[in-house]
Amino acid sequence: MSQKTEKHTFQAEIQQLLDIVIHSLYTDKEIFIRELISNAADACEKLRFRQSSGEAIHQPEVDLKISIATDDQAHTITLTDTGIGMTRDELIENLGTIAHSGSKAFLKQIAEGKEKPDANLIGQFGVGFYSAFMVAEEVKVHSRSYQADAEGHSWLSEGSGSYEIEGAPDWPRGTRIFIKLKEEDKEFAQASKVESIIKQYSNFVPFPIELNGEVVNKMSAIWTRSKNEIKDEEYNEFYHYIGHDHEDPVTRLHFAVDAPLDIKSLLYVPAKNMETLGLARSESEVHLYCRKVLIQSKAEQLFPEWCRFLKGVVDSEDLPLNISRESMQDSALMQKLNKVLTSRFIKHLDGMAKKDEETFYKVYDQYHRFLKEGVATDFTHRESLSNLLRFESSSLDKGKRTSLKEYVGRMKDDQKDIYFLLASSRDTAEQSPYLEVFQSRHLEVLFLFDPIDEIVMDHLGRFDEKTLTAAEKAELEIEESNDSTTALSEEDAKDLAAWAKEKLGSKVEEVRVSTRLVESPAVVVDHDKTMTAGMRRFMKSMNQESGPMTLDLELNPRHSMVSKLHQMKQGNELLATKVLDQLVDNARLAAGVVEDPKTMVKQLNELLDQVLTAQKS
Ligand code: ADP
Ligand code: MG
Numbered sequence: 040m041s042q043k044t045e046k047h048t049f050q051a052e053i054q055q056l057l058d059i060v061i062h063s064l065y066t067d068k069e070i071f072i073r074e075l076i077s078n079a080a081d082a083c084e085k086l087r088f089r090q091s092s093g094e095a096i097h098q099p100e101v102d103l104k105i106s107i108a109t110d111d112q113a114h115t116i117t118l119t120d121t122g123i124g125m126t127r128d129e130l131i132e133n134l135g136t137i138a139h140s141g142s143k144a145f146l147k148q149i150a151e152g153k154e155k156p157d158a159n160l161i162g163q164f165g166v167g168f169y170s171a172f173m174v175a176e177e178v179k180v181h182s183r184s185y186q187a188d189a190e191g192h193s194w195l196s197e198g199s200g201s202y203e204i205e206g207a208p209d210w211p212r213g214t215r216i217f218i219k220l221k222e223e224d225k226e227f228a229q230a231s232k233v234e235s236i237i238k239q240y241s242n243f244v245p246f247p248i249e250l251n252g253e254v255v256n257k258m259s260a261i262w263t264r265s266k267n268e269i270k271d272e273e274y275n276e277f278y279h280y281i282g283h284d285h286e287d288p289v290t291r292l293h294f295a296v297d298a299p300l301d302i303k304s305l306l307y308v309p310a311k312n313m314e315t316l317g318l319a320r321s322e323s324e325v326h327l328y329c330r331k332v333l334i335q336s337k338a339e340q341l342f343p344e345w346c347r348f349l350k351g352v353v354d355s356e357d358l359p360l361n362i363s364r365e366s367m368q369d370s371a372l373m374q375k376l377n378k379v380l381t382s383r384f385i386k387h388l389d390g391m392a393k394k395d396e397e398t399f400y401k402v403y404d405q406y407h408r409f410l411k412e413g414v415a416t417d418f419t420h421r422e423s424l425s426n427l428l429r430f431e432s433s434s435l436d437k438g439k440r441t442s443l444k445e446y447v448g449r450m451k452d453d454q455k456d457i458y459f460l461l462a463s464s465r466d467t468a469e470q471s472p473y474l475e476v477f478q479s480r481h482l483e484v485l486f487l488f489d490p491i492d493e494i495v496m497d498h499l500g501r502f503d504e505k506t507l508t509a510a511e512k513a514e515l516e517i518e519e520s521n522d523s524t525t526a527l528s529e530e531d532a533k534d535l536a537a538w539a540k541e542k543l544g545s546k547v548e549e550v551r552v553s554t555r556l557v558e559s560p561a562v563v564v565d566h567d568k569t570m571t572a573g574m575r576r577f578m579k580s581m582n583q584e585s586g587p588m589t590l591d592l593e594l595n596p597r598h599s600m601v602s603k604l605h606q607m608k609q610g611n612e613l614l615a616t617k618v619l620d621q622l623v624d625n626a627r628l629a630a631g632v633v634e635d636p637k638t639m640v641k642q643l644n645e646l647l648d649q650v651l652t653a654q655k656s
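Structure, rendered in structure tokens:
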């Protein structure tokens, strides 16, 4: 066999690729270490496979591992593996020709100008080996195939035009890649720098990675193992590590599927919602791996926005192959992953609500705002998410909550709507004038305590073909009981309403005789049929314009105060007008739409003065 050096020229496309790598990639240069380690790990994996399928292996006693050596004096870094190795022909084929998968796609992408040249793309296109040239003055590869009768060879290149191949007969099984670093990239010859890069990208690689003689990757990629062989403590330890959280998570979801995509995923819900602690908006901390090697940390597109509290990993073997066609951000593949993962997570919560309500509520109480945000913004998952909503209700004891589905199960035969009432507390809800008609008709009303709940109901619109209706907008009449003695006649009531409108002028839009009140003398409702008081308050709190508010006043003709007012307006119209004003203000107060409490107090004082004066005379 010949020891002499053969000179080869790179295929034109490879040279083009190398030119881009050498001259246009300035950021994320450190990924060359990830790429070379991942090639080394692939080579070890392949060897293990051959061995287990009974093939004869050169030096079978040599353990599979990856060793990295740095020399910060000489500015070199060397990566050695004991994997499958390459023959002379394979060196030429794999490291010098376009035959190999991703190169063409990579070039095409760059040529089309769709992607700015970016070091990260290199790995995604499966042209990782060439990333060494981002930092190298010179790359020398020594390799010896596992095949019994193979011989070692070296491959040497500076990345410009050609490479040289030479025999290296005594080389042991595996591959060594020696890099002489460019002056400006000498930092990659520092052990501490290299160690942090390994920990970031290659911490879960399933073969030992030694750096200058010491093993640095000690975490196992537990997401690839089967559930029943992993203990809780192991799951939690892994969470503490990747989640940077001392506390244990509230729940985790570990699953593997192979259709429609190959996915292995381990997701955690942290015990505390960081956003409620007044800290900044959470950032998704779900990292994307391909076969245990980090592809993207905090991969935002993996989940919709509302899932940003999740932490964990997603590993998909389908990634690098498909990813070459589109960019990572909007690839159809990412969208598919997103859909599968999100549905799976929702299903997990739904299952938990049935099997382990206590844990479900732990999650719900921390993260309900996120789920609601999902209902409002995530059209794809709106329906399944709506099953997770929980509210107190007029039919349940204080503190107990119901799902919409359970509410529907309790609905009366002729009931078409699901009713809800926004209030600041249970007590306020129970005393609300809007509730009276529902009580008289024995209809259940959901109590919403979170200002965003109404917006959520509005976006949801319907549930199980039932319309979601705000209690104050419901067109219902009380069930007429035996005529109350204080009730005004229909004619008198109409007369009073007309008088009230005249006196109140532009303070209210309309005055009506109410059909929904029992206990309360009067109520105000937003004249805008699509608006509620809660919605206005919410919009105001978000600094959003909700349009001018005009109110309708409803008077309860069965209430003694109202019939007395009718009498008073004939005798002492001045006082009656003051009482009427106060009645409106009280109703506004009950509805939570008082504009200026100061004028209200002034008016109330005047009224008291009149009452006292009337008493004296
Ligand atoms: P990819 O890893 O996506 O195939 P690379 O450019 O990283 O693309 O590597 C090209 C090819 O070179 C690999 O497919 C493999 O056949 C070969 N190769 C690279 N590094 C090694 C190694 N350490 N041991 C054996 N073969 C290797
Ligand atoms: Mg590779």
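Numbering (the working numbering), first residue to last: 40 to 656. Glycine included, C-beta positions come from ideal geometry on N, C-alpha and C.
Using DSSP with H/G/I as helix, E/B as strand and the rest coil, what is Lys266? helix
With DSSP as the reference, identify every bridge partner of Arg215, one or two as the case may be. Thr119, His181
Who does Val352 pair with in a DSSP beta bridge? Leu305, His326
Beta-carbon proximity of Glu518 to Ser479, cut-off 7 angstroms: yes
Is Ala214 near the ligand ADP, going by C-beta to nearest heavy atom under 6 angstroms? Looking at the sequence itself, residue 214 is Thr, so the reference to Ala does not match. The answer is yes for Thr214.
At which residue ranges does the segment 538-615 contain complete alpha helix (DSSP H) runs of 4 or more residues, listed in the order of the chain? If we require 4 residues or more, the alpha helix (DSSP H) runs fully inside the segment 538-615 come out as 572-580, 599-610.
Return the chain-ordered list of same chain residues with a C-beta closer than 8 angstroms to the C-beta of Glu548, the five sequence neighbours on each side being excluded. His566, Thr589, Leu590, Asp591
beta-carbon Gly167 near the ligand MG non-hydrogen atom, thresh 6 angstroms: yes
Please give me, in chain order, every unbroken run of the alpha helix (DSSP H) with length at least 4 that falls completely inside the segment 217-301. 230-240, 271-282
In whole angstroms, give me the CA-to-CA distance for Val495 and Asn242. 42 angstroms
Taking the CB atoms as reference points, tell me whether Ile72 and Ile281 lie closer together than 7 angstroms. In this structure, Ile72 lies away from Ile281, with their beta-carbon atoms at least 7 angstroms apart.
Quick one: grab the DSSP three-state call for Phe71. helix
Relative to the C-alpha of Asp81, which candidate in Pro299, Cys329, Ser425, Glu511 has its C-alpha closest? Cys329
Is Asn78 a contact residue of the ligand MG, with contact defined as CB to any heavy atom under 6 angstroms? yes
Going by DSSP in three states, Leu376 sits in which element: helix, strand or coil? helix
So does Asp120 have its beta carbon nearer than 6 angstroms to some heavy atom of the ligand ADP? Here the distance from the Cβ of Asp120 to the nearest heavy atom of the ligand ADP is below 6 angstroms.
So, at 6 angstroms on beta carbons, what are the nonlocal neighbours of Thr119 in its own chain, with the 5 sequence-adjacent residues on each side left out? Excluding residues within five positions, the ones whose Cβ falls inside 6 angstroms are Ser106, Arg215.
Contact test: Ala207 Cβ vs the ligand ADP heavy atom, cutoff 6 angstroms: Incorrect: Ala207 has no Cβ contact closer than 6 angstroms to the ligand ADP.
Nearest-angstrom Cα separation, counted from Ser259 out to Glu273: 10 angstroms
Using a C-beta cutoff of 7 angstroms, does Leu118 count as contacting chain C? Looking at the structure shown, chain C is missing, and only one protein chain is on hand.
Going by other Cβ atoms of all chains shown within 10 Å of its Cβ, with 16 needed for buried, is Phe399 buried or exposed? buried
Does the Cβ-Cβ distance between Asp620 and Met639 come in under 7 angstroms? no
Just mark Ser432 as buried or exposed, buried being the case when its beta carbon has 16 or more other beta carbons within 10 Å. buried
Where Leu460 sits in the DSSP three-state scheme: Three-state result, Leu460: strand.
Suppose contacts are defined by Cβ-Cβ distances below 7 angstroms. Is Val484 in contact with Leu460 by that definition? yes
Got a sec, what are the start and stop residues for the alpha helix (DSSP H) Ser425 sits in? 421-425
How many whole angstroms separate the CB atoms of Gly351 and Leu306, which I take to be in contact at a CB cut-off of 8 angstroms? Right, the Cβ-Cβ distance comes to about 4 angstroms (below 8 angstroms), so this counts as a contact.
With a threshold of 8 angstroms, are at least 3 pairs of Cβ atoms found where one atom belongs to the segment 497-509 and the other to the segment 411-422? yes
Roughly how many angstroms separate the alpha carbons of Val601 and Ile491, rounded to a whole number? One C-alpha to the other measures close to 35 angstroms.
Is it true that the segment 324-344 meets the segment 369-381, where meeting means three or more beta-carbon pairs spaced less than 8 angstroms apart? yes
Pick from Ile334, Glu268, Lys375, Asn256 that is closest to Asp297, judged by C-alpha positions: Lys375
Sorry if obvious, but does the Cβ on Ala230 come closer than 6 angstroms to a heavy atom of the ligand ADP? no
By the three-class DSSP mapping on this structure, what secondary structure does Tyr403 have? It is helical.
Please go through the same chain and pick out, in chain order, the residues whose beta-carbon is closer than 7 angstroms to the beta-carbon of Arg449, but skip the five residues on each side of it. Ser434, Glu483
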